[in-house]
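Everything on this sheet refers to the single structure shown next.
Number of protein chains: 2
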Amino acid sequence: MNKHTATSADVAALAGVSQSTVSRSFDPNSRISVATRQRVFEAAEQLGYQINKAAQTMIKKRSDLVGLVTAGLEDPFRSEFLHKLIIEVQNCGLRPMVMDVSDRETIDEELHGLIQYQLSGVIITSGTPSENIGKAFIRHGIPVVLVNRTEHSDEADIVNLDNEGAGEMAAKAFIESGKTNLVVVRSKKPSFSSVMRVKGFLNYLAPFLSGDKVNATEVLCDAGNYDSGYQIADKILTSQHKPDGIFFCMDHIACGFLDSAKRLVSPNEMSAIGVIGCDDIALASFRAYDLTTIRQSSSEIARASVETLLNRLQSPTSAPSKQAIPVELVYRSTLAKPQRTNIE
Amino acid sequence: MNKHTATSADVAALAGVSQSTVSRSFDPNSRISVATRQRVFEAAEQLGYQINKAAQTMIKKRSDLVGLVTAGLEDPFRSEFLHKLIIEVQNCGLRPMVMDVSDRETIDEELHGLIQYQLSGVIITSGTPSENIGKAFIRHGIPVVLVNRTEHSDEADIVNLDNEGAGEMAAKAFIESGKTNLVVVRSKKPSFSSVMRVKGFLNYLAPFLSGDKVNATEVLCDAGNYDSGYQIADKILTSQHKPDGIFFCMDHIACGFLDSAKRLVSPNEMSAIGVIGCDDIALASFRAYDLTTIRQSSSEIARASVETLLNRLQSPTSAPSKQAIPVELVYRSTLAKPQRTNIE
DNA sequence: TTGTAAGCGTTATCAC
DNA sequence: GTGATAACGCTTACAA
């Protein structure tokens, strides 16, 4: 019907009130007589009026958009995490604006462009963007939450998984199961998570290694995906010194390995080799794999990330927070839960 | 340094030009002397100036945001598709604002809220939103692209997969392989894609069915996921009349079925049963499954969807378009490519 | 090519 | 509780 979209002035005219009264009617905190608000709402309804967010943003100097910076969405864990983030952001009345920075030359430049949108905040879940870009946001008054990216920042809030704890947990599980010849596999390209996971793994093992009873090797595969796991199996299973416990920094790599292993060693032999993955993606629980793994709760991180952002919006000047979300060992068939522990 | 974010006026002051000259300098279509533009850019750089999108949107009456309406992101095909959409939207200088409408009571109401953002367009990939909501967008001048949702709309542009073609293709492959006792499995809850896939499957089979040589049964499983496929295997493989060809409307269901089948029938027996999935998600090519399937190119649909939107933005009044993206049969080990066809 | 000035549709600050 | 009125930062005629 109406050529142009209705504005608050149109509503005001129809309701027979001033434009500012219309504005107030849509603000729950404004005290307005019930009758007036009622009349305004009816007029608004009739005209199909919707607040113009651009105008609102201009005056409030803040939109209700939250930037979600991601990369590598082909990794199911990341994509699951993004999904959870989207839900969480929505649930608190904000709008997720997603930015994928995979394979981008000019990441920092493009990210800089987000400043134009007067975002309520930015949640950075990719390792790619430089440190500087976070600072640029903060300089423009846009809160930044760094997820699983770094140990420390004196400006941005931090939410991490307990990556190191995950590594330790895997190492502990192997030791408790009496495994002595251990391998830890991560992608060649170092990511914050994988490096910390390996670190935790080796740290836990350190005292055992010196006793010479246990040894541990770090193996690098090409990438963090199924195919790399498939390939790396040759290297691991045909070595002279076959391991009896393998920790993969990502479930996907572990699954590739498991499929590949079926060609290389007998089921019987394979059953003697403990395998632990990391993330607990959906695939890990499929019967074809039934992978023992360290569960990272994507919902928990998402919840914590958004909560952190909301806290920051409430108290913009408080000191940056930092938290690590705990992880959990899920026993499945690739490493059975030991009946009794071998160590105390 | 500067307390407040720099505006074009600040830049103008520093560059010694008028505010409108600054504005023009950032518009590639404006003709401005090289020297002036240079001077403006330097001043902008120095002040860390960024265009304020809210102000820009207000005057242009259109933001560069595109609404991506999704649901069921736990389905890997959907999540992969969303990923591709995000990339495509980014690549044409627009910004994806994602809205997940899964498990939402008040979908239409919430979607209505998107009107507030002066979106450049909305791409609806979920079946949940009602027809009306699309009309509401269009009434407000926001172009709508419907993806895999419906056969017809006289206002919105449509991009579909060739779902019916996919079903036909599967049926044809079975017939060519000499399979005669066929089953088609879809999720209990009807979705546009699965219903059309089944329709295509049965349509192609119709002439053979009447000859009584071939028969086909439709089986419903609980949901469109791995577990439902796992469960449905019992029903299918323990029936008196075991099928020799099964078409699953989603790869995920097929994979669950395949894992479950390993418990129920011997590998030898299983090798006589042809299985075809649909979508060609990453999982389908894993060695554990190596599933013959109908590939739907998520990149292609994403590309087509965004292209459709851009076309619409260029010519707002042209008649709504409709296209179907072709699909492709990928032979893997669950149904081998026949050497010669049995029919002409 | 550049400057001046008039909006765009809200919210916020005053009066009343 | 309500109504004027002044921003907010940009684009775009219109003038020069």
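Respectively, the protein sequence lines represent chains A and B.
Numbering (UniProt numbering) for the first sequence: 1 to 344.
Numbering (UniProt numbering) for the second sequence: 1 to 344.
Where a beta carbon is used, it is the ideal one built from N, C-alpha and C, also for glycine.
In this text the structure is predicted, and so the values were computed from the model without any measurement.
Based on the DSSP secondary-structure assignment, which residues constitute the bridge partners of residue i?
| i | result |
| --- | --- |
| residue 96/A | 66/A |
| residue 279/B | 295/B |
| residue 217/A | 183/A |
| residue 327/A | For residue 327/A, which the question treats as bridged, DSSP gives no partner whatsoever. |
| residue 148/A | Bridge partners of residue 148/A: none, in fact. |
| residue 124/A | 69/A and 146/A |
| residue 158/A | 146/A and 322/A |
| residue 335/A | 332/A |
| residue 248/B | 185/B |
| residue 274/A | 245/A |
When burial is assigned at 16 or more other CB atoms within 10 Å of the CB, is residue i buried or exposed?
| i | result |
| --- | --- |
| residue 304/B | buried |
| residue 160/A | buried |
| residue 341/A | Caution applies to residue 341/A, whose pLDDT of 49 falls short of 50 and renders its modelled position unreliable; the value that the coordinates give is listed next. Residue 341/A comes out exposed. |
| residue 263/A | exposed |
| residue 46/B | exposed |
| residue 272/B | exposed |
| residue 146/A | buried |
| residue 162/B | buried |
| residue 17/A | buried |
| residue 234/B | exposed |
| residue 327/B | buried |
| residue 132/A | exposed |
| residue 317/B | exposed |
| residue 114/A | buried |
Are the beta-carbon atoms belonging to residue i and residue j less than 7 Å from one another?
| i | j | result |
| --- | --- | --- |
| residue 221/B | residue 249/B | no |
| residue 243/B | residue 181/B | yes |
| residue 237/A | residue 292/A | no |
| residue 142/A | residue 119/A | yes |
| residue 39/B | residue 9/B | no |
| residue 330/A | residue 259/A | no |
| residue 348/B | residue 11/B | No statement about residue 348/B is possible, as the shown extent of chain B runs from 1 to 344 and does not include it. |
| residue 247/A | residue 201/A | yes |
| residue 152/B | residue 73/A | no |
| residue 229/B | residue 253/B | yes |
| residue 97/A | residue 55/B | no |
| residue 126/A | residue 108/A | no |
| residue 124/A | residue 69/A | yes |
| residue 301/B | residue 325/B | yes |
| residue 165/B | residue 197/B | no |
| residue 94/A | residue 64/A | yes |
| residue 139/A | residue 192/A | no |
| residue 30/A | residue 24/A | yes |
| residue 186/A | residue 177/A | no |
| residue 157/A | residue 298/A | no |
| residue 226/B | residue 245/B | no |
| residue 265/B | residue 219/B | no |
| residue 121/B | residue 309/B | yes |
| residue 173/A | residue 205/A | no |
Taking C-beta pairs closer than 8 Å, name the residues in chain B that residue i reaches, listed in chain order.
| i | result |
| --- | --- |
| residue 203/A | Near residue 203/A there are no residues of chain B at all, since even the closest Cβ is about 33 Å away, more than 8 Å. |
If the cut is a Cβ gap below 7 Å, which residues of chain B does residue i touch?
| i | result |
| --- | --- |
| residue 170/A | Those within 7 Å of residue 170/A in chain B number zero; the least Cβ separation is about 23 Å. |
Could you list which residues in chain A have their beta carbon closer than 7 Å to that of residue i, in chain order?
| i | result |
| --- | --- |
| residue 54/B | 54, 57, 58, 63 and 118 |
| residue 354/B | Because chain B here runs from 1 to 344, residue 354/B falls outside it and cannot be looked at. |
| residue 79/B | 79 and 83 |
Find the residues of chain A that neighbour residue i, judging by a C-beta separation of less than 9 Å, and give them in chain order.
| i | result |
| --- | --- |
| residue 288/B | 255, 258, 259, 262, 286, 288 and 289 |
| residue 100/B | 83, 86, 87, 90 and 96 |
Taking C-beta pairs closer than 8 Å, name the residues in chain A that residue i reaches, listed in chain order.
| i | result |
| --- | --- |
| residue 51/B | 116 |
When you check each C-beta in the stretch 203-236 of chain A against every C-beta of chain B, which residues fall closer than 8 Å?
-> 226 and 230
Short-range partners of chain A found in the stretch 104-129 of chain B, where Cβ spacing is below 7 Å | 115, 116, 117 and 118
Contact list for the stretch 65-77 of chain A against chain B, Cβ threshold 9 Å | 65, 68, 70, 73, 74 and 76
According to a CB-to-CB cut-off of less than 7 Å, which residues of the stretch 4-19 of chain A neighbour chain B?
-> 5
Give, in chain order, every residue of the stretch 139-150 of chain A whose Cβ lies closer than 8 Å to some Cβ of chain B.
-> 139, 140 and 141
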